[in-house]
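Following: one structure in structure tokens, then a few remarks.
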Amino acid sequence: MLHAFDISGNHQRLDGGAMFGNAPRAMWSRWCPPDEQGRIELSCRALLIQTDQKRILFETGIGVFFPPDLKERYGVVESDHVLLSSLSALGLTDADIDVVMLSHLHFDHAGGLLAAFTPNEAARLLFPKAQFVVGSEAFARAKAPHARDRASFITELPALLEQSGRLHLIDAQTNTTALFGTDRISFFASSGHTPGMLNAVITGQAQSVVFCADLIPGVPWVHLPITMGYDRFAEHLIDEKTELFSRSDLSRTWFFFTHDTNVVMAKVKKDDKGRYQAYDAQPHRAAGWDLDAPIGS
4 MLHAFDISGN
14 HQRLDGGAMF
24 GNAPRAMWSR
34 WCPPDEQGRI
44 ELSCRALLIQ
54 TDQKRILFET
64 GIGVFFPPDL
74 KERYGVVESD
84 HVLLSSLSAL
94 GLTDADIDVV
104 MLSHLHFDHA
114 GGLLAAFTPN
124 EAARLLFPKA
134 QFVVGSEAFA
144 RAKAPHARDR
154 ASFITELPAL
164 LEQSGRLHLI
174 DAQTNTTALF
184 GTDRISFFAS
194 SGHTPGMLNA
204 VITGQAQSVV
214 FCADLIPGVP
224 WVHLPITMGY
234 DRFAEHLIDE
244 KTELFSRSDL
254 SRTWFFFTHD
264 TNVVMAKVKK
274 DDKGRYQAYD
284 AQPHRAAGWD
294 LDAPIGS
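Going by this note's numbering, the residue at position 28 of the sequence shown is 31; the numbering climbs one at a time, nothing skipped.
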């Protein structure tokens, strides 16, 4: 069995120009209308995979670990830990998760690992029974970030993960069958957004899902030239998207988006001008998706 659920986390609002790099506002504002401050709304979505043996959570969203001033600066919308509420809607708590896989450790993808901010209390990890899996290069980056991306990381998080005794550092070639309880999850590395980001491919009998993380944050970024100002190496990221689409069986592959507010996942095809575009967009579905059966549009 391979069953997939999209798990909503907290939303945030970030500057639209930063999210769309060198794309002009006249273009991106049609896709993501900005507020009066020029910010666009973003989801911070996680993917839960249920196998016969384990519950595996891919990322945890941004959470509510920020103190109030930083919560405002980074546009975190809700005050409660939405990821925990979304798990509760499935009858689960963070203690029911067996593995948390983190593509990279930017705060909008890993902040949900932490309990909600409480004055005068140190940051602490949630998910008390989970094994934490991170790419070794991405983990090294979080421990020693560059000046350009230092603000994207949570200073305390690497040490907390190490102290848990449940941290596993892997690369794309690591055999993770025992860790994940299935041989149907594989990884590929991409470094255009941040060095060592690991993207997952979950292979069902009928359909596959690519967990895109920040390689493709949402539908607008499917178009090859569109990248983020936050990407470390934008041209390299475009090459990585091109390679991913070229090697994927697009007839049976779904691309899961962490930041798109309307579309959870979609298929991709070329239009009559040879440009990649998303289609068969899937909104939230409470019952999730059985990856061993065809997914209807």
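For glycine and all other residues, C-beta sits at the position ideal for the given N, C-alpha and C.
Cα-Cα separation, residue i to residue j
i	j	result
alanine 237	threonine 197	10 Å
tryptophan 224	histidine 149	25 Å
alanine 29	isoleucine 241	21 Å
tryptophan 292	aspartate 9	9 Å
aspartate 174	phenylalanine 248	21 Å
glutamate 243	aspartate 97	33 Å
glutamine 176	phenylalanine 191	8 Å
phenylalanine 135	aspartate 83	23 Å
isoleucine 59	aspartate 101	6 Å
leucine 87	arginine 151	31 Å
Residues of its chain near residue i, where Cβ-Cβ distance is below 7 Å and the 5 sequence neighbours each way are ignored
i	result
leucine 5	Ile52, Thr54, Arg187, Ile205, Gly207, Leu294, Asp295
glutamate 44	His14, Arg16, Thr264
valine 212	Ala7, Ile205, Trp257, Phe259, Met268, Leu294
aspartate 18	Gly41, Arg42
leucine 129	Asp97, Leu116, Leu117, Ala118
serine 167	Leu128, Phe135
Span of the alpha helix (DSSP H), counted from its first residue to its last, around residue i
i	result
serine 89	85 to 92
serine 32	28 to 34
leucine 73	71 to 76
Local Cβ density within 10 Å of residue i, reported as buried at 16 or more and exposed below that
i	result
serine 300	Here the model assigns serine 300 a pLDDT of 45, short of 50, so the residue's position is not dependable and the matter cannot be decided.
lysine 273	exposed
alanine 181	exposed
threonine 245	exposed
glutamate 140	buried
aspartate 217	buried
aspartate 275	exposed
threonine 185	buried
aspartate 234	buried
threonine 230	buried
Where the beta strand (DSSP E) containing residue i begins and where it ends
i	result
phenylalanine 8	6 to 10
histidine 149	From DSSP, histidine 149 is part of no beta strand (DSSP E); its letter is neither H nor E.
phenylalanine 248	Where phenylalanine 248 is concerned, there is no enclosing beta strand (DSSP E), although the alpha helix (DSSP H) it sits in stretches over 237 to 250.
methionine 268	268 to 273
valine 113	The amino acid occupying residue 113 in the given sequence is alanine; valine does not appear at that position. Note, alanine 113: premise wrong, no beta strand (DSSP E); alpha helix (DSSP H) at 110 to 113.
Contacts around residue i, its chain only, beta-carbon distance under 6 Å, and the 5 residues preceding and following it disregarded
i	result
histidine 112	Glu62
lysine 146	Pro161
glutamine 1	An answer regarding residue 1 cannot be provided, because it is not within the stretch 4 to 300 covered by the chain.
Beta-carbon proximity list for residue i, same chain, < 8 Å, skipping 5 on both sides
i	result
arginine 255	Ala209, Gln210, Ser211
valine 266	Gly221, Val222, Phe260, Ala281, Ala284, Gln285, Pro286
histidine 239	Ser194, Gly195
Proximity test, Cβ basis, 8 Å: residue i and chain C
i	result
arginine 127	In summary, chain C is missing from the structure at hand, where a single protein chain is found.
What are the start and end residues of each continuous beta strand (DSSP E) run of 3 or more residues lying completely inside the stretch 156 to 205, in chain order?
170 to 173, 188 to 193
Within the stretch 33 to 67, ranges of the beta strand (DSSP E) (whole runs, at least 3 residues):
42 to 45, 49 to 53, 58 to 61
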